[in-house]
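Have a look at the structure below, then the notes.
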Amino acid sequence: MYLIHGEQRKINHVWAHIKRQHTGEKIAVVGFPKKLPENYLRNKQITFYESLTIKDKWLVQADQFLAKFEDEYDGIIFYVDCTLKEANEMKKIAAKYRSLVTLTVASDLPISIEHHPLEQVA
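Take the sequence shown: its letter number 109 is residue 109 in UniProt numbering, and every next letter is one higher.
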């Protein structure tokens with residue numbers, strides 16, 4: 001799992017991450033309505049889902065999304081700017097699935113991308 005931390009808009013870093021980690025793969029970007037960077041990534045052959053609708057229940061919705069679509073995508077990016085606590089919960093959820101998960105995390109620090117290997121669970 002990858003975490004993209006930072007205080008500002010992360011779309012350039014998300015695109016760089018996609019090019020570096022997902023070249024030639026089928027990718028989905030998932031987030032809240034009217035919060036996804038579709039204009040920037042529109043011509044990049046990425047599928048967008050505004051599937052997350054309740055801010056304090058997005059982890060449950062993310063788990064449901066992964067369960068439903070993991071076989072369709074090589075990588076799934078949750079563009080949500082969540083907390084570190086939510087990121088840690090998402091690591092547990094992502095460990096159940098084969099798709100590579102990336103998550104945007106709100107932070108006061110400059111933008112960085114961290115890889116967090118997951119132990120797959122049965």
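Every residue, glycine too, gets a C-beta built ideally from N, C-alpha and C.
Just so it is clear, the structure is predicted and the values come from calculations on it, not from any experiment.
Asked: Opposing strand residues paired with Y2 [DSSP bridges]; Found: T102, H115
Asked: Cβ-based neighbour list, T53, same chain, cut-off 8 Å, excluding 5 preceding and 5 following; Found: F32, P33, Q61
Asked: Reduced DSSP category for A62 - H, G, I as helix; E, B as strand; rest coil; Found: helix
Asked: Per DSSP, cross-strand counterpart(s) of F48; Found: V29
Asked: Nearest to E38 (by Cα), restricted to the options Q21, A94, V14, T23; Found: V14
Asked: Where D81 sits in the DSSP three-state scheme; Found: strand
Asked: CA-to-CA distance, E89 to L41, given in whole angstroms; Found: 27 Å
Asked: Under 8 Å between C-beta atoms of E70 and K26; Found: no
Asked: I54 in three-state terms, based on DSSP; Found: coil
Asked: Buried versus exposed call for K35 [16 or more other C-beta atoms within 10 Å across all chains shown]; Found: exposed
Asked: Rounded separation between K96 and S112 - CA only; Found: 25 Å
Asked: Within 8 Å, strictly: CB atoms of S99 and E7; Found: no
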